[in-house]
Amino acid sequence: MSKKGIKRAAKSAKSAMQAGATSLSPRLAMTTATNAGKSVKERVAAMPNVSQAVIESDAQLQAVLKVLRSKDEPTPVRLAALQALQAASFAVIEFESCRGDYLATLRAVATDSDLELRQRVLGILARENDGFAQQRLLEGLQNPEKALLPPEKALQLLGYDVHADAYPVAREIVKHPPSDAAKREALRLLGADASSKPLFEKILRDKEETREIRQIAASSLHAIAPAALQKHAREMLLDPKEYSDIQETSLTALTQFGDAGKVEKDETLMKRISSLRGVGSTKLKQGARLFQAKYGG
Amino acid sequence: MPQLAATRALAESEFAQLVDALSSEPDRGNELIDLLREDHPVYDQRGAAATVRMRGWILIALSRSALNDNALLFVLEELDTGRDAYLVAAAARALRSYANPNAAFAPFVIRAIDNIRYHDEPVTLERYGEYATSTTDSGTTPVRELLATLVWLGPHAREVLREIESWRANRSGFSKKFWNEVDQAFDAVAGIDPLRESNHDTCCCKLPSSLGNTHSWSPGSRNDCEAIESTVFEDHDGATIAFGEFFRGHPSVVVFFYTRCDNPQKCSLTITKLARLQKLLADQGLTEQISTSAITYDPAFDVPERLSGYGRNRGVRLDARHRMLRAIDGVDALRNHFKLGVNFIESLVNRHRIEVYILDVDGRVAASFERIHWNEQEVINRAVELLKEERPPPPPSETGRLVAPSRSSTALPVASTFASLGLAFFPKCPVCWAAYLSVLGLTGLERIPYAPWLQLALIALVLLNVVSVWMRGRATGRMSAFALVAAGAIAILISRAGLGLDGAGPWGVALTLAGSLLSALSREKTTPVLWRRLATRV
């Protein structure tokens, strides 16, 4: 199915589910949702009412799992079944009976030929820090032929677990990015990796990099080496050739997280901020006012 | 099959082969168990998921033969604190291969069920690295394995019968599929109690005595601290402090943790227990006599703000005597000193054990509690025993010399003080010579020869003083004395360089004296306990 087709199917599934969410009893909803003879629209509309039924009966659970697992079922129906199961899983204690079968089915569907379904399923598994999902996502990043998802999505999902062993492959993607989005996500993932400090320092000071990438570098540095960010923020504010939005970020960093003892004694910086109140962009002027309200000058 | 060595270069598939080979040779059982050490090189630079797969496979291999006492501790540890479904399932199965059911195992099994039952999931224990994609194809789950272990324990688990009864009554927290197995466990445990039926006195309610290594106590053979002396820490407030500065002079309780640990049964609980231990110390009036510290495994990420927040959120008391620390220099020495049970992928922990250490007044490891959850009062009792210890004389080293664990804290200031005094009283100009000659004349000594080599001696003394103060500064983490002495040395050398700046000489001497005194006094500042003890004696 094409991307547009997937979006259309998901949208129609969602609207149909909203329309039929309250109109059927759980028993009737189950009969409709799992009946291949009914129309896709009817089945999708019935799905929201099966969540309670799957918790109460193992037979009902198995019926919905079968829909989700079956490659012969229409994608919108499978997506609706997945959503119904997800809704049921919020009742942690009651859902405990279903959890094992649910996770096993998700793993089986994670390699399905349908991208949308794969992506949603891998997303759920990744949020559970599931080793199976992490292994498949890493394999796909190391060997694009085996990739279940686009690299940026895989990196995003691996980022849920700091222990997912994704830093080496993320660094490799930053060096040789297959796309801008992949590079962006790789940097976001590395934002929790303390040993990537030099990388972020380099990117932050590189005026050739895009603003977005530099902003990611700034927020990552704040997380892993706040003192280094303070130093660079100061230097970037003093640099008259620096971009104004990067200076805005620098100013915010110093205002919110600066070491008051150091900042207040820094006459050069104080003078510079004072001058920004008159000449900078509106946001920069506003930032300078906030800075002075905090540190004086 | 070629011989495989358990190194970090081993591929996972080769590792699985190695484990299978070791488990098939009964005389190599200890090699297999050795692979369960967290600090084993085979786990170096592996991801956390790979580490789980590898350790799980060892536990499964252990379950195929009779589990011995050496391996039992690792199995119980997994049941006590494990959160990973695969490892817990494998541990439960491995426990059933122990020779005899033991009543002491039952609480571990119950705890494991409580820890895992709301995130039970299918696992496959048949093939290496395989994840279950169905609950019917040879899959099992940790809860299923744990319930089977309760059945195996049978009446030996009578102590936990009430818990099983409450599961039966509520039926909540278990998959409906397990209700039969819960009933079976109940029936097995409620069966005839072999303890009551038999007349023999053997108590099987305690863990095997070989499990003493969860807790070690070494009053006579403690390693010295020479290697770790130079390790410098940064604390929760950003203050730097050397190992010797913080850990000498009083017993200490040290726990290890890291803020990104995702197992609430490990680091988070360890720090919460540390807070409770501190409260018990306060209740017993020991807050000032026994220090506590929590050292992070992840110093690159755990900056002071994180340490402070993590500790305060768990009720930890933080002050000069009770600190959360990260090593900023000498991390390897730290790992070696404590023989830490941890391994890493890059700077991130991939696996660690629970570990608590009690250090004596010299900073040497006197006792440790490992793997299984520790009792706060028991740790305090051990630390109190150390308070009562007579401080032994330093043990002789292999070469017969006295080991000088406090070399940097004692020898350096002494050398520095002598050097600076030598420097201060060294005749540096004609006026000095005249003054000395007049004094010597008064005392009857008529002449003292002036020789050019004395200039070289002066330079050597200056350099010696600068180096000794620098080393002292590095050990204490305070470099202000070094700055003064270095400035003084430069002033003295400039005054003797023939640049017409002779006036710099007295300033140089004054700076050198001030710096040297500051360096020497910094020791007094770092041993407040000594002062306090002296004060209480007075």
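Chains as they are written, first to last, in the numbering used here: chain Y, 4 to 300; chain U, 23 to 560.
Cβ atoms here follow ideal geometry from the backbone N, Cα and C, with glycine treated the same way.
Those residues which DSSP pairs with residue i across a bridge
i	result
Glu392/U	Glu377/U
Met346/U	Ala316/U
Pro514/U	Here residue 514/U is Ile; the residue named in the question, Pro, does not match the sequence. None; Ile514/U has no bridge partner.
Val276/U	Ser315/U, Tyr379/U
Val53/Y	Paired residues: none, contrary to the question.
Asp351/U	Val254/U
Ile176/Y	In DSSP, Ile176/Y forms no bridge with anything.
Phe366/U	Val371/U
Ile263/U	Phe255/U
Val145/U	Thr162/U
Beta carbon of residue i nearer than 8 Å to that of residue j
i	j	result
Glu155/Y	Ser199/Y	no
Val70/Y	Ala56/Y	no
Ser85/U	Ser46/U	no
Ala511/U	Thr534/U	yes
Pro144/U	Leu106/Y	yes
Thr314/U	Leu302/U	no
Val112/Y	Ala87/Y	no
Ile579/U	Ala342/U	Nothing can be reported for residue 579/U, as the shown portion of chain U is limited to 23 through 560.
Leu160/Y	Gly126/Y	yes
Arg217/Y	Ile227/Y	no
Cys101/Y	Leu128/Y	no
Arg393/U	Leu95/U	yes
Where residue i falls, given that 16 or more other Cβ within 10 Å makes a residue buried
i	result
Leu175/U	buried
Leu144/Y	buried
Val325/U	buried
Asp155/U	For the sequence presented, residue 155/U should be read as Thr rather than Asp. With 16 or more other Cβ atoms within 10 Å, it is buried.
Phe93/Y	exposed
Arg115/U	buried
Ser42/Y	exposed
Asp223/U	For Asp223/U, the pLDDT reaches just 45, beneath the cut-off of 50, and the residue's location in the model is therefore unreliable, leaving the point undetermined.
Gly271/U	buried
Val165/Y	buried
Glu546/U	Reliability of the predicted coordinates at Glu546/U is poor, the pLDDT of 39 falling under 50, and the value obtained from them is presented with this limitation in mind. Glu546/U should be labelled exposed.
Ala136/Y	buried
Gly195/U	buried
Thr29/U	exposed
Lys186/Y	buried
Gln250/Y	buried
Gly281/Y	exposed
Ile135/U	buried
Own chain residues within Cβ distance below 6 Å of residue i, not counting five before or after
i	result
Ile350/U	Val254, Glu256
Ser223/Y	Gly194, Phe203
Ala150/Y	Gly143
Ile138/U	Val110, Pro164
Glu468/U	Note that Glu468/U scores 47 on pLDDT, short of 50, meaning its location in the model is unreliable; the coordinates nonetheless yield the value given after this. If we look at Glu468/U and ignore the five residues flanking it on each side, it has no Cβ neighbours.
Gly337/U	Ala297
Ala36/Y	Arg46, Ala49, Met50, Val53
Gly161/U	Pro144, Thr146, Ala154
Chain-order list of residues whose beta-carbon lies under 7 Å from that of residue i (same chain, five-residue window excluded)
i	result
Asn221/U	Summary for Asn221/U: the model assigns pLDDT 49, below 50, so the residue's position carries little reliability; its value from the coordinates is reported in the next sentence. None.
Gly162/Y	Arg191, Leu192
Tyr4/U	Because residue 4/U is not part of the residues shown, which for chain U are 23 to 560, the question remains open.
Ser438/U	Since pLDDT at Ser438/U reaches only 47, below the 50 mark, its modelled position is unreliable, and no value is offered.
Leu183/U	Val211, Ala212
Phe130/U	Leu98, Leu101, Asp102
C-beta neighbour in chain B for residue i, strict 8 Å
i	result
Ala70/U	Among the protein chains in the structure shown, which are Y and U, there is no chain B.
Neighbourhood of residue i by C-beta distance below 8 Å, restricted to the same chain and skipping five residues each side
i	result
Asn245/U	His359, Arg386, Val387
So if I threshold CB-CB distances at 8 Å, which residues from the stretch 325-344 of chain U count as touching chain Y? Val325, Glu327
Residues of the stretch 192-205 of chain Y with Cβ closer than 7 Å to any Cβ of chain U, in chain order: Ala197, Ser198
Which residues of the stretch 275-290 of chain U have a Cβ closer than 8 Å to any Cβ of chain Y? Give them in chain order. Arg282, Asp284
Just by C-beta distance, which residues in the stretch 234-255 of chain Y are closer than 9 Å to chain U? none
Given a limit of 9 Å on CB to CB distance, which residues of the stretch 135-146 of chain U reach chain Y? Arg139, Tyr140, His141, Asp142, Glu143, Pro144
Scan the stretch 137-163 of chain Y for residues whose Cβ lies nearer than 9 Å to a Cβ of chain U and list them as they occur along the chain. Gln137, Gln138, Leu141
Scan the stretch 91-107 of chain Y for residues whose Cβ lies nearer than 7 Å to a Cβ of chain U and list them as they occur along the chain. Val95, Ile96, Glu99, Ser100, Arg102, Gly103, Asp104, Leu106, Ala107
Using a Cβ-Cβ cutoff of 9 Å, what residues of the stretch 361-377 of chain U are near chain Y? List them in chain order. Ile367, Glu368, Ser369, Leu370, Val371, Asn372
Contact set between the stretch 182-209 of chain U and chain Y, restricted to residues whose Cβ is under 8 Å from the partner: Ser194, Gly195, Phe196, Ser197, Lys198, Lys199
What residues from the stretch 164-187 of chain Y come within 9 Å of chain U, judged by C-beta to C-beta, listed N to C? Asp164, Val165, His166, Ala167, Asp168, Ala169, Tyr170, Pro171
Taking a cut of 8 Å between CB atoms, which residues from the stretch 60-82 of chain Y lie near chain U? Asp61
Output needed in chain order: residues of the stretch 113-127 of chain Y with a Cβ under 7 Å from some Cβ in chain U. none
Interface positions of the stretch 254-285 of chain Y facing chain U (Cβ-Cβ less than 9 Å), listed along the chain: none
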